[in-house]
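Shown next, in structure tokens, is the structure this report addresses.
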Amino acid sequence: MKAPIVLAVDTQDLDTAQRWIEATQDHVSVYKLGLEFFLTFGHEGVRRIKGVTDSDIFLDLKLHDIPHTVGAAATAVQSLKPRFLTVHASGGRAMISAAVQALPTTDVTAVTILTSLSEEDLFEIGFANNALESAVALAKMSTEAGARAIVCSPLEIAAIRSAVGNEPQIITPGVRPEGSSGGDDQKRTMTPRAAIAAGASYVVIGRPITQAWAQGAQAMTTAARTIAEDILQ
Ligand code: C5P
Numbered sequence: 001m002k003a004p005i006v007l008a009v010d011t012q013d014l015d016t017a018q019r020w021i022e023a024t025q026d027h028v029s030v031y032k033l034g035l036e037f038f039l040t041f042g043h044e045g046v047r048r049i050k051g052v053t054d055s056d057i058f059l060d061l062k063l064h065d066i067p068h069t070v071g072a073a074a075t076a077v078q079s080l081k082p083r084f085l086t087v088h089a090s091g092g093r094a095m096i097s098a099a100v101q102a103l104p105t106t107d108v109t110a111v112t113i114l115t116s117l118s119e120e121d122l123f124e125i126g127f128a129n130n131a132l133e134s135a136v137a138l139a140k141m142s143t144e145a146g147a148r149a150i151v152c153s154p155l156e157i158a159a160i161r162s163a164v165g166n167e168p169q170i171i172t173p174g175v176r177p178e179g180s181s182g183g184d185d186q187k188r189t190m191t192p193r194a195a196i197a198a199g200a201s202y203v204v205i206g207r208p209i210t211q212a213w214a215q216g217a218q219a220m221t222t223a224a225r226t227i228a229e230d231i232l233q
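Position one of the sequence shown corresponds to residue 1 (UniProt numbering), numbered consecutively onward.
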């Protein structure tokens, strides 16, 4: 059964991407293709991925520009019919609204505060409030502007859920299964199940599933199934 997992297809090899999808699609609802993928393989690459799965596509382009330009960029990917397309919430209300108007059948997804930014970084950029308060304010503004999904840190799920209500989808990376050895760059993590229990609609997962590829397709299927079953139980 497909779980609310967004698999981060972080590979530079299109054949590998296709095999990952074949190995996991019974358990994964959405495949996330990032800027690197899109700049390398373009529309043709996205179409190839769409050709091997009936799961949805999350186009993680994190657009951020003046409203006219973002609207035009969103229109340029319209034919790919992504289920989700990311924009930076800090691009503002009019920019988000331009993307929403360009893509009525896509859930424009606002990225709040990058978790790579520290409180000091935010202060240096000029944010008046801390990461949590800024993320909540950005999420509220984004949903008012028409964004139907929000990307935030697992630690911000509860505050954002109570600020935006039940309808907007909340999507969170930075999740790690129980007992995951760590050893990578995700620091303040939650388990997939805890993130969903806290109010997330989807969890973004990459390496806890994709690293199993080194042991073969079957191992990757098992990794995806184990996480899916844990979320769905
Ligand atoms: O491999 P891992 O599970 O860490 O992959 C998480 C995915 O989510 C990656 O594609 C990463 O770029 C993305 N992401 C993240 N943290 C954010 C925003 C996006 O890990 N704050």
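For each residue, glycine too, the CB sits at the ideal point set by N, CA and C.
Length of the line joining the Cα atoms of G206 and S29: 14 Å
Contact belief for S201 with P4 at Cβ below 8 Å, rounded distance in angstroms: 6 Å
At least 3 beta-carbon pairs within less than 8 Å: the stretch 62-82 vs the stretch 133-142: no
Of the listed residues S118, T222, K2, nearest to S55 (C-alpha basis): K2
Segment contact flag, the stretch 88-100 with the stretch 142-162, C-beta cutoff 8 Å, min 3 pairs: yes
Helix, strand or coil at I170 according to DSSP, with G and I counted as helix: strand
Stretch pair the stretch 104-124 + the stretch 84-94: three plus CB contacts closer than 8 Å: yes
Option nearest S153 by Cα separation, candidates A131, G165, A73: A131
Inter-residue Cα distance where the pair is G84 and V70: Position check: residue 84 holds Phe in this sequence, whereas Gly was assumed. For F84 and V70, the distance between alpha carbons rounds to 15 Å.
Presumed contact (8 Å Cβ cut-off) between A23 and A217, rounded CB distance: 4 Å
Element boundaries [beta strand (DSSP E), containing H88]: 84-88
Cβ neighbour criterion (16 or more within 10 Å) applied to E156: buried
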